[in-house]
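Down below is the structure, laid out as structure tokens.
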Amino acid sequence: MGIRNRMNASVAFRTTIVVVTLAGLILLIFGLWQVHHVRKVMVEEVHRQASRSMDGAIKAIDDRVSDVETAVQTAAAYADLFAYDDKNCYQLLERLIKHNTDIAAVTLLYRENYFPAHGRYYAPTVYNDATTKAVEHDEIGGPDHDFCYLETDSNWIYTNLKEAGYWCLPYLDSMSTKRPMVTYSVPLKEPNGSIYAVLCADVDLMWVKTVIDDVKPYPYSRVSVVSRDEQFICHPDSSCILSVNAVKLVREKGNKKSMELIQRMLRWEKGSDTMTAPIHVLTDGKDDNRDELTANQIVYFAPVDRVLWSVSFSIPEDEILKTPNKLQRSMFYLLGLMAVSLSLLIFFVIHYHLRPLKLLAESTREIAKGNFDVPMPVIASHDEIRHLRDSFEEMLKSLSRYVSELKITTSMKASMESELKVANDIQMSMIPKTFPPYPERDDIEISGQLTPAKAVGGDFYDFYIRDEKLFFCVGDVSGKGVPAALVMAVTRSLFKTLSAREAAPERVMMQMNESLADQSESNMFVTMLTGVLDLPTGRLRICNAGHNVPLLINKEVETMTIDSNIPLGVMSDWKYTSQEMWISPQTIIFLYTDGLTEAENSDHGQFGDERMMGVAEQFLAEEDKSPNVLLERMSDAVSTFVDHAEQSDDLTMLAIRYTKEHRDVRLQREITLPNDVQTVPQLAQFVDEVCEALGFDMSLTMQMNLALEEAVVNVMNYAYPKGSDGDVNIVAEANDVRLKFTITDSGLPFDPTTKEEIDTSLSLEERPIGGLGIFLVRELMDSINYERINGKNVLTLRKKLGTIQQSPTHAL
Amino acid sequence: MKTTLYEKDGSMVAVFEGRLDTAAAPQCEQDLKPLNDCTAGEIVLDCNALEYISSSGLRLFLSVLKHAKPKGIHVFLTGMNADLSSVFKMTGLINLFELR
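What follows is the structure in structure tokens.
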């Protein structure tokens with residue numbers, strides 16, 4: 000796992016990284032500031048210490064030197080008591096040397112020839128013998144010791160006859176110890192003011208180093224004292240003492256800065272400076288320590304005015320900063336250690352505290368799998384995690400509640416959908432779906448289509464042929480779903496039942512309206528078109544109950560001219576009116592519901608009358624003008640228009656083409672009988688002749704006889720009231736396809752086809768005596784058709800010639 | 000149309016000859032009246048010579064049966080040709096009569 004992934008995966012890890020980085024940064028800044036501060040304090044402290052040490056050193060040297068001066072001058076003050084005598088003078092010298100321990104030797108230099116007895120030079124001296132520790136007397140003048148009078152700096156006063164005390168330049172002891180020495184000389188004067196001798200005190204300068212070493216600020220400080228003749232009185236390298244010229248040494252081995260230092264020192268300034276290679280680290284030899292030469296040194300310097308010496312310390316800067324540097328190093332170690340321990344600590348603390356979160360996450364994963372019974376982790380603390388857990392539990396509860404509600408809703412929806420399915424089933428089972436419905440007929444072609452919407456509207460269409468009449472209807476029940484489907488079922492049943500006994504559409508509609516208006520508690524209404532097309536003649540009677548007006552499509556497209564009336568079920572007692580027209584062969588009657596014209600696309604635009612008319616106009620150009628082609632074109636146009644928009648209403652179309660062809664009449668016979676049943680044998684004679692002409696066999700002839708007798712007797716009995724006279728005209732016509740009997744009378748309007756059918760399965764007791772006549776006609780003929788034309792009852796019986804050979808009676 | 004009644008072995012036999020159509024039915028009805036007075040035995044309607052029957056004739060047959068049945072008299076049909084039989088079948092009357 001990459002570090003980035005780990006960072007993203009673990010809050011503990013991420014937080015630790017952030018916290019430790021920030022804390023480390025802050026601590027580092029503080030630490031560096033601290034170190035800087037400590038360093039500054041240290042440097043200041045060193046300065047203070049060094050200044051103090053320097054002051055101490057200067058004072059100590061000055062004190063010692065001053066003591067010597069005082070002692071010598073005091074002795075000079077009372078010298079006249081002893082000096083005039085060549086023996087007593089030793090007392091003076093002894094007193095002086097005993098009085099001051101720094102004085103290693105005291106000499107009295109007399110002027111040349113002062114004691115003639117002692118020769119030209121007389122110089123009594125006393126000194127502390129290093130081995131015996133006793134004061135020894137000596138005389139360094141005289142013929143054997145003339146050197147004292149050489150013009151050396153030590154007896155410079157003598158030669159220059161100085162008026163006051165004088166510190167000579169330091170020098171090396173002429174004895175084997177080769178110790179650095181310096182001599183303080185004071186002139187002794189006679190009362191007249193002339194100098195007769197010089198009192199010289201030799202001071203051993205070994206203490207200088209000791210004194211300075213005592214007060215130097217640090218053990219590792221180096222000490223150097225330079226005299227006014229640029230010689231070292233004191234130097235870490237003892238070989239340099241009084242043998243190397245300081246300025247020359249610096250010029251050879253030092254640098255600009257150290258040269259500057261020595262110059263300042265020799266100008267008797269007081270101060271400090273930092274540099275590499277100051278005099279303290281320079282040596283006479285060649286084995287100089289490289290490290291020391293390149294290391295920065297802080298040098299403090301100050302003069303001893305009395306003797307014109309410059310005292311200086313050097314302190315290696317490294318040494319001073321050793322502590323702060325050590326501190327800094329420790330700080331870094333500490334910081335590292337802290338970072339590591341802090342990281343571990345924070346990581347484990349956060350990890351520990353976030354453990355419930357992890358448990359919560361595991362529970363959540365279980366819940367996500369759909370397991371709502373998973374227990375939530377128990378969290379004892381009362382912190383945000385606990386809140387989260389509690390909120391989560393709440394969420395879980397509402398989630399499971401929601402899910403169970405959803406289940407109920409879903410099952411409700413499913414039952415609703417099955418209800419819709421039921422509605423759809425009701426709707427679809429009610430309508431004829433087999434097309435073409437009458438393949439054996441050559442006078443009618445029908446095509447219908449019902450596309451239910453998802454919510455199922457109450458559209459329906461129906462048609463059937465009874466007695467050579469095509470009964471058809473198209474309707475739309477208001478509302479949707481099961482109620483609409485049920486009303487539709489009722490409406491269709493009413494249509495079927497009522498039209499079985501009634502061939503006038505306006506009367507069918509009126510009766511339907513009464514039934515529906517009575518039953519319509521739910522305020523549902525039905526728009527409907529009912530038409531009756533008399534197939535032999537092409538006479539159409541049509542009644543509209545508030546429905547879309549159908550189109551007539553033949554050579555051109557026209558809208559049918561019919562009364563609108565009101566929808567069924569709105570108001571009882573409405574007088575429906577119907578229109579009558581003649582349909583010429585090859586005309587298509589196109590019926591539809593508003594599902595067609597009001598089909599909506601996704602922009603809520605409607606298909607509309609104009610588009611529908613347009614499609615119908617285009618259809619005129621089709622070669623095959625059959626109803627199913629029209630419906631196909633219309634359906635395609637609607638589909639293209641609505642695209643994928645869901646339709647809210649059913650779409651229903653019904654196209655009926657009247658295709659009756661005129662055929663040549665092969666045979667035509669006619670007979671007119673009075674309304675007297677005793678003329679039946681004449682009728683039989685007539686029928687026999689017709690059947691014989693057509694070549695019918697005995698059985699078929701008998702069937703034709705029976706059918707005609709029943710039909711004609713019926714007319715004779717019912718069309719004319721008892722006792723009134725009238726004629727019944729019977730015309731027999733036959734073409735290649737069928738035989739047709741047309742029975743015409745001018746009696747009262749009487750439609751025998753509306754008689755109820757008898758039930759042939761009843762028992763003897765239940766069986767009525769009558770009613771067999773029309774029943775037999777229906778059974779024997781292919782169709783029976785009644786029309787009231789020009790004040791006459793016209794009953795037409797047809798028998799298809801093609802079916803004659805398969806007459807059902809032969810099977811018996 | 001001619002209708003003849005005679006008694007044979009305690010049974011009444013009605014013999015129909017020719018066409019029993021609507022025109023002939025009233026006379027036939029008159030001829031069959033004696034059958035309604037039968038109290039016992041059985042009635043045989045002999046159709047061997049019947050050429051044709053319309054609904055008026057069927058009504059007469061049914062009427063005979065309706066009178067005879069309550070008295071426990073069996074009514075038999077005999078000698079029907081296929082065409083007549085088919086008419087009886089069509090109307091369901093064939094189930095009500097006994098055939099011999």
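Order-wise, the sequence lines are chains S and E.
Take the first sequence: its position 669, counting from 1, is numbered 668 in numbering that gives the first Met the number 0, and each next residue is one higher.
Take the second sequence: its position 76, counting from 1, is numbered 75 in numbering that gives the first Met the number 0, and each next residue is one higher.
The C-beta atom is built at its ideal place from N, Cα and C for all residues, glycine as well.
Contacts that residue i makes with chain C (C-beta to C-beta distance below 7 angstroms)
i	result
Lys-68/E	Although the question refers to chain C, the structure presented lacks it and instead comprises the protein chains S and E.
Sheet register partners of residue i (DSSP bridge)
i	result
Thr-408/S	Its beta-bridge partners do not exist; DSSP assigns none.
Lys-798/S	Leu-738/S
Asp-137/S	Thr-124/S
Gly-447/S	Leu-653/S
Ile-73/E	A small fix is needed here, since residue 73/E is His in this sequence, not Ile. Its beta-bridge partners are Glu-41/E.
Cys-472/S	Asp-461/S and Thr-529/S
Short CB-CB distance (under 9 angstroms) between residue i and chain S
i	result
Asn-35/E	no
Val-86/E	yes
Arg-58/E	yes
Gly-91/E	yes
Asp-82/E	yes
Leu-44/E	no
Leu-76/E	no
Lys-65/E	yes
Leu-49/E	no
Leu-95/E	yes
Leu-98/E	no
Minimum C-alpha distance to residue i - residue among the options
i	options	result
Glu-815/S	Asp-744/S, Leu-707/S and Leu-747/S	Nothing about residue 815/S can be reported from this structure: the residues present for chain S run from 0 to 811 only.
Leu-539/S	Met-527/S, Arg-110/S, Asp-382/S and Gln-578/S	Gln-578/S
Gln-426/S	His-381/S, Ser-257/S, Phe-391/S and Asp-475/S	Asp-475/S
Val-163/S	Met-180/S, Leu-187/S and Asp-172/S	In the sequence under discussion, the amino acid at residue 163/S is Ala, which differs from the Val named in the question. The shortest Cα separation from Ala-163/S among Met-180/S, Leu-187/S and Asp-172/S belongs to Leu-187/S.
Ala-103/S	Leu-699/S, Leu-204/S and Phe-12/S	Leu-204/S
Tyr-437/S	Gly-772/S, Cys-542/S, Ile-655/S and Gly-790/S	Ile-655/S
Asp-304/S	Gly-607/S, Trp-267/S and Tyr-89/S	Trp-267/S
Pro-374/S	Ser-173/S, Glu-393/S and Leu-248/S	Glu-393/S
Thr-759/S	Ser-329/S, Ile-60/S and Phe-774/S	Phe-774/S
Asn-423/S	Lys-798/S, Asp-649/S, Pro-767/S and Leu-359/S	Asp-649/S
Met-715/S	Glu-732/S, Gly-694/S, Ser-698/S and Gly-772/S	Gly-772/S
Gln-585/S	Thr-658/S, Ala-516/S, Met-611/S and Ala-301/S	Thr-658/S
Val-105/S	Asn-127/S, Gln-33/S and His-643/S	Asn-127/S
Ser-687/S	Thr-700/S, Gln-677/S and Ser-634/S	For the sequence presented, residue 687/S should be read as Asp rather than Ser. Nearest of Thr-700/S, Gln-677/S and Ser-634/S to Asp-687/S, Cα basis: Thr-700/S.
Ala-22/E	Val-34/S, Thr-741/S, Val-676/S and Met-41/S	Val-676/S
Glu-898/S	Asn-713/S, Val-42/S, Tyr-113/S and Arg-668/S	Only positions 0 to 811 of chain S appear in this structure, which leaves residue 898/S out of reach.
Asp-572/S	Asp-517/S, His-603/S and Thr-592/S	Asp-517/S
Chain E within 9 angstroms of residue i, Cβ atoms only
i	result
Lys-799/S	no
Val-676/S	yes
Thr-759/S	yes
Met-703/S	no
Gly-708/S	Here the sequence assigns Glu to residue 708/S, which means Gly is not the residue at that position. So, interface residue.
Phe-774/S	yes
Leu-771/S	yes
Arg-500/S	no
Ser-698/S	yes
Arg-538/S	no
Arg-506/S	no
Arg-766/S	yes
key: Contacting positions in the segment 4-34 of chain E - beta carbon closer than 9 angstroms to chain S   = Result list: Arg-18, Asp-20, Thr-21, Ala-22, Ala-23, Ala-24 and Pro-25.
key: Runs of beta strand (DSSP E) wholly within the segment 583-666 of chain S (minimum 3 residues, chain order)   = For the segment 583-666 of chain S, whole beta strand (DSSP E) runs of length 3 or above, ordered along the chain, are 586-591 and 650-657.
query = Taking the runs of the alpha helix (DSSP H) that are 4 residues or longer, which of them lie wholly in the segment 731-796 of chain S?
reply = Counting only runs of at least 4 residues, the segment 731-796 of chain S fully encloses the following alpha helix (DSSP H) elements, listed from N- to C-terminal order: 771-779.
key: Start-end ranges of the alpha helix (DSSP H) lying completely within the segment 497-546 of chain S, minimum 4 residues   = Taking only runs of at least 4 residues, the alpha helix (DSSP H) segments lying wholly in the segment 497-546 of chain S are 504-518.
query = Mind listing which residues of the segment 776-799 of chain S have their C-beta closer than 7 angstroms to chain E's C-betas, in chain order?
reply = Residues Glu-778.
ask   = Which residues, taken in chain order from the segment 605-619 of chain S, show a beta carbon closer than 7 angstroms to some beta carbon of chain E?
value = So the list is empty, because no residue satisfies the distance condition.
task = For the segment 208-286 of chain S, list the alpha helix (DSSP H) runs that are entirely contained and at least 4 residues long, ordered along the chain.
result = If only uninterrupted alpha helix (DSSP H) runs of at least 4 residues are considered, those enclosed by the segment 208-286 of chain S are 245-252 and 255-265.
ask   = Taking any Cβ of chain E, which residues in the segment 711-743 of chain S have a Cβ under 8 angstroms from it, in chain order?
value = When C-beta distances to chain E are compared with 8 angstroms, the residues of the segment 711-743 of chain S below that value are Val-712, in chain order.
request  = Could you name each continuous alpha helix (DSSP H) segment of 4 residues or more that falls completely within the segment 66-93 of chain S, going from the start of the chain to the end?
outcome  = None, since the segment 66-93 of chain S contains no complete alpha helix (DSSP H) of that length.
Residues, ordered as in the chain, of the segment 679-692 of chain S that lie near chain E by beta-carbon distance below 8 angstroms = For the segment 679-692 of chain S, the beta-carbon criterion of a distance under 8 angstroms to any beta-carbon of chain E is satisfied by Val-679, Pro-680 and Ala-683.
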